[in-house]
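Here this note's numbering runs 54 ahead of the position in the sequence shown, where the first position is 1.
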Amino acid sequence: MKLVSPGEAAANTNNMSVEAGEDLARIGEMAKNYGVTLRTLRFYEDKGLLNPQRDGSTRLYTRRDKARLKLILLGRKVGFSLRDVKQMMDLYDPTGSNTKQLRLALDKSEKQLARLQKQRALIEDAIGELSNSMAAVRQMLIERSAPQASVAS
Numbered sequence: 055m056k057l058v059s060p061g062e063a064a065a066n067t068n069n070m071s072v073e074a075g076e077d078l079a080r081i082g083e084m085a086k087n088y089g090v091t092l093r094t095l096r097f098y099e100d101k102g103l104l105n106p107q108r109d110g111s112t113r114l115y116t117r118r119d120k121a122r123l124k125l126i127l128l129g130r131k132v133g134f135s136l137r138d139v140k141q142m143m144d145l146y147d148p149t150g151s152n153t154k155q156l157r158l159a160l161d162k163s164e165k166q167l168a169r170l171q172k173q174r175a176l177i178e179d180a181i182g183e184l185s186n187s188m189a190a191v192r193q194m195l196i197e198r199s200a201p202q203a204s205v206a207s
């Protein structure tokens, strides 16, 4: 009887070979290391963004999954939808030049940057309006708090 490590078992169940010494992470480690919930990782798996190996019911995340999660989180941070992130990641070809992927990423990034700049302008306007309103309210409070000069009779 041959003993098989969890990494080898996971590799065999996914028909993928595990590189020697590749450090696999369990779902709890991934969640802790990247500041996400277990539910988030399962959701990303359901959406096809991550594809962890399995050892029974245990999810084992490879270096590739870790890199993909970093890209997902970066994409979400800058405002891309998960659909956009998946579309860009799915174009990756480890043996190709990836020019199609790079062009798509640049195109989506330019559009997102324009949206973010528009949002920033709107936020700056809102901050200005709110600051002006607060200054007016402060002035009213000062005027109403000042002792009233008594009228001599």
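Backbone N, C-alpha and C define an ideal beta-carbon position, used for all residues, glycine too.
In this text, all values refer to a predicted model and were calculated from it rather than measured experimentally.
Can you name the start and end residues of the alpha helix (DSSP H) that T94 belongs to? Counting along the chain, the alpha helix (DSSP H) containing T94 begins and ends at L92 to D100.
Just the Cα atoms here: how many angstroms apart are R113 and S163? Going from the Cα of R113 to the Cα of S163 covers about 32 Å.
Please report the distance separating the alpha-carbon of L104 from that of L160. Going by the C-alpha atoms only, they are around 23 Å apart.
Below 9 Å between beta carbons: does that hold for L125 and Q107? Not closer than 9 Å, so no.
For M194, is the classification buried or exposed, using 16 other Cβ atoms within 10 angstroms of its Cβ as the cut-off for buried? By the neighbour-count criterion, in which 16 or more other beta carbons inside 10 Å mark a residue as buried, M194 falls on the exposed side.
Can you tell me where the beta strand (DSSP E) holding Y115 begins and where it ends? Counting along the chain, the beta strand (DSSP E) containing Y115 begins and ends at T112 to Y115.
Whole angstroms are fine: how far does the CA of T91 sit from the CA of L127? Taking the straight line from one Cα to the other gives about 12 Å.
Roughly how many whole angstroms lie between the Cα atoms of L95 and T116? Going from the Cα of L95 to the Cα of T116 covers about 13 Å.
What are the boundary residues of the beta strand (DSSP E) that includes D109? For D109, the enclosing beta strand (DSSP E) stretches over residues Q107 to D109.
What's the gap between the Cα of L176 and the Cα of I81? Roughly 39 Å between the two C-alpha positions.
One or two residues paired with A79 in a DSSP bridge: DSSP lists Y115 as partners of A79.
I need the straight-line Cα distance from Q171 to G133, nearest angstrom please. A direct Cα-Cα distance of roughly 12 Å separates Q171 from G133.
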